[in-house]
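A quick write-up on the structure given underneath.
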Amino acid sequence: MNLSALECTYLGKPQERISVLVIGGGGREHSLCYALKRSQSCDAVFCAPGNAGISNSGDATCIEDLDVFDSSAVIAFCRKWEVGLVVVGPEAPLVAGLTNDLLNAGIHAFGPSSEAAALEGSKNFMKSICDKYGIPTAKYETFTDPLAAKKYIKEQGAPIVVKADGLAAGKGVVVAMTLQEAFDAVDTILVNGLFGKAGSSIIVEEFLEGEEASFFALVDGENALPLESAQDHKRVGDGDTGPNTGGMGAYCPAPVLTQELQSLVMSSIILPTVKGMSKEGCKFVGVLYAGLMIEKKSGLPKLIEYNVRFGDPECQVLMVRLESDLAQVLLAACKGELNSVSLEWAPGSAMVVVMASNGYPGSYIKGTKIKNLEEAEVAAPGVKIFHAGTAVDADGNYIATGGRVLGVTAKGKDLEEARDRAYRAVDEIKWEGGFYRNDIGWRALPVKQKSSNW
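According to full-length UniProt numbering, the sequence shown is numbered sequentially starting from 1.
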């Protein structure tokens, strides 16, 4: 058996056995549980609150009644079950300071402190870091006064981008193609208060034209280790049409992020951020998820925004390809030891197709039945279905409880094979209350798009 570079790092001393608690209950967390369950050093995987699919798959033991915003309850659980590592999935507990409290209790926690999580929690903070440390990003201004914002928008012209400053569940960004759309976005966020405190100020920034890509790096406070590249599909409809969503599908790797571009992203965006945060007195430990625009004119990357956790659905395609022991990798990040770690990836590509409830990203009906999931998972080799918003009814049927509900994921020798396998599995699922995009991967596979009658 070949030993990965990571396993070699631990030769000469017993590999640390560890139990892990994953915080969250979506598709990202399901994929993290799946990868941790496969980690040789992982004794047990818990997930709070988890979901029905995570529990039924056996990828983790779900703790539904653990309040993840009650730090004392989480700490008590970790001590009772001898949990040595907590992996915080969603952004809200990070911004609320769960990691701070766990570290103060002497428990390793993978995820940034509340201070460092401001890179996602406040777009204005993120932009100020870019300004101070010379990180390329879109030109912008911050406003609390709607009249001043509209005056600036009129001066700049459309298209233009309007963003709520704080966390808005992925829905606080409006790409306005006309001045009126931009004015309406200002009113929605600042005047009508659609996003509450998250929209108490807004960022108005220039519209960048090009191709979006997602870049992920593990960070231990001083060092950064890049993950494989991925590309998300934010718009709800085929051909990147309709409103933005949390993500309708993704693939890995992303051809647009060449090795040359990845090196440039590390040197011009990721490492200056890591060093800058350290200088600011709030070292970043966790995942830096850089949403990038590869500009059409220059071909160079600019930072659109940071997330401070694994992307969803990008995490799903990363985790099915990761072959290293994830528990040990994340523990190394917590201990400041990433410079001694290298990562092993399965060859080929992976794709995830998100199945969402009808009406998403607007209002949607909950409780619709989903059938044939077991058949779908064996419809093609290399398929894994990650659950995001599911529960089980009294009759034992899966039902939809969220907007994004399933992440149908497949590996293949190349992107085309991964795409074909994922859609073959999607076709097996019987769910009248759901929909999906037919064209995930269309930028990388422009010639052989999937038809709507696949």
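C-beta: ideal position from N, C-alpha, C; glycine also. Quick caveat, the model's predicted, so the values are computed rather than measured.
Measure the CB-CB distance between residue i and residue j and report whether it falls below 8 Å.
i      : j      : result
Ile203 : Asp165 : yes
Met277 : Pro226 : no
Ser41  : Ile23  : no
Leu343 : Ser324 : yes
Ala213 : Leu179 : no
Val426 : Met355 : yes
Ile189 : Phe183 : no
Gly311 : Gly412 : no
Gly359 : Phe386 : no
Tyr251 : Ala230 : yes
Glu314 : Asp232 : yes
Gly134 : Glu222 : no
Val383 : Glu377 : yes
Leu338 : Val287 : no
Asp238 : Val285 : no
Gly172 : Lys163 : yes
Leu445 : Glu417 : no
Glu181 : Tyr140 : no
For residue i, count neighbouring Cβ atoms within 10 angstroms of its own Cβ and tell me buried if that reaches 16, exposed if not.
i           : result
Val191      : exposed
Arg52       : For the record, residue 52 in the displayed sequence is Ala; it is not Arg. Classification for Ala52: buried.
Ala365      : Sequence check: residue 365 is Ile here, not Ala. Exposed, because fewer than 16 other Cβ atoms sit within 10 Å of the Cβ of Ile365.
residue 528 : Absent from the model: residue 528. The displayed extent of the chain is 1 to 454, so no value can be given.
Asn307      : buried
Asn438      : buried
Met177      : exposed
Lys419      : Here residue 419 is Arg; the residue named in the question, Lys, does not match the sequence. Flag for Arg419 reads buried.
Ser340      : exposed
Gly403      : buried
Asn453      : Confidence is the limiting factor: at Asn453 the pLDDT is only 34, short of 50, which leaves the residue's position unreliable, though a coordinate-based value still follows. Exposed, since its Cβ has fewer than 16 Cβ neighbours within 10 Å.
Asp101      : buried
Ser72       : exposed
Gln316      : buried
Gly50       : buried
Lys275      : exposed
Gly281      : exposed
Ile440      : buried
Gly25       : buried
Arg79       : exposed
Leu11       : Residue placement at Leu11 is flagged as unreliable, the pLDDT there being 35, under the threshold of 50; the coordinate-derived value follows with that caveat. With fewer than 16 other Cβ atoms within 10 Å, it is exposed.
Ala346      : exposed
Ala148      : exposed
Glu260      : exposed
Asp70       : exposed
Ser31       : buried
Take residue i and list the residues in its own chain whose beta-carbon comes closer than 8 Å to its own, dropping the five residues that flank it on each side.
i      : result
Leu167 : Glu91, Ala92, Val95, Glu120, Gly121, Ala198
Ile399 : Lys366, Gly367, Thr368, Lys369, Ile370, Thr390, Ala391, Val392, Asp393
Pro136 : Cys130, Ser268, Ile269, Leu300, Pro301, Lys302, Leu303
Lys296 : Glu209, Gly210, Glu211
Ala414 : It should be pointed out that residue 414 corresponds to Asp in this sequence rather than to Ala. Correct list, in chain order: Gly348, Ser349.
Asn124 : Thr142, Asp165, Ser201, Ile203
Gln262 : Phe215, Pro226, Ser229
Less than 7 Å between C-beta atoms, sequence neighbours within five positions excluded: which residues of the same chain meet that for residue i?
i      : result
Ala35  : Met319, Leu322, Leu326
Thr99  : Val88, Ala109, Gly111, Pro112, Ser113
Met126 : Leu119, Glu305, Tyr306
Leu373 : Ile385, Tyr398, Ile429
Lys279 : none
Ala105 : Ile75
If I measure Cβ to Cβ from residue i and keep anything under 6 Å in the same chain, skipping five residues before and after, which residues do I get?
i      : result
Val68  : Ile23, Ala48, Pro93
Glu7   : Residue placement at Glu7 is flagged as unreliable, the pLDDT there being 41, under the threshold of 50; a coordinate-derived value is accordingly withheld.
Ala117 : Leu94, Val95, Val308
Arg424 : Ala379, Ala380
Cys62  : Cys47, Gly50, Ile54, Ser55
Tyr289 : Phe216, Asn307, Gly311
Ser39  : Asp325, Leu326, Ala327
Spell out whether any CB of chain E is found under 8 Å from the CB atom of residue i.
i     : result
Val95 : In summary, chain E is missing from the structure at hand, where a single protein chain is found.
Evaluate contact between the region 142–149 and the region 328–337, counting only Cβ atoms and requiring at least three cross-stretch pairs below 8 Å.
no
Residue ranges of each beta strand (DSSP E) run of no fewer than 3 residues wholly in the region 251–310, ordered along the chain?
285–295, 301–307
Please specify which runs of the beta strand (DSSP E), each continuous and at least 3 residues long, are wholly inside the region 337–374, giving them in chain order.
349–357
Please specify which runs of the alpha helix (DSSP H), each continuous and at least 4 residues long, are wholly inside the region 18–71, giving them in chain order.
Every unbroken stretch of the alpha helix (DSSP H) spanning 4 or more residues and falling wholly within the region 18–71 is given here in chain order: 27–37, 52–57.
4 or more residues per run - each alpha helix (DSSP H) lying fully within the region 83–109
91–96, 98–104
In chain order, which beta strand (DSSP E) runs of at least 3 residues are fully inside the region 175–261?
Correct list: 202–206, 210–220, 224–226, 235–237, 241–244, 249–252.
Which runs of the beta strand (DSSP E), 3 residues or longer, sit entirely within the region 100–167?
108–110, 140–143, 160–164
Mind pulling the alpha helix (DSSP H) runs of 4 or more residues that sit fully within the region 394–453?
415–428
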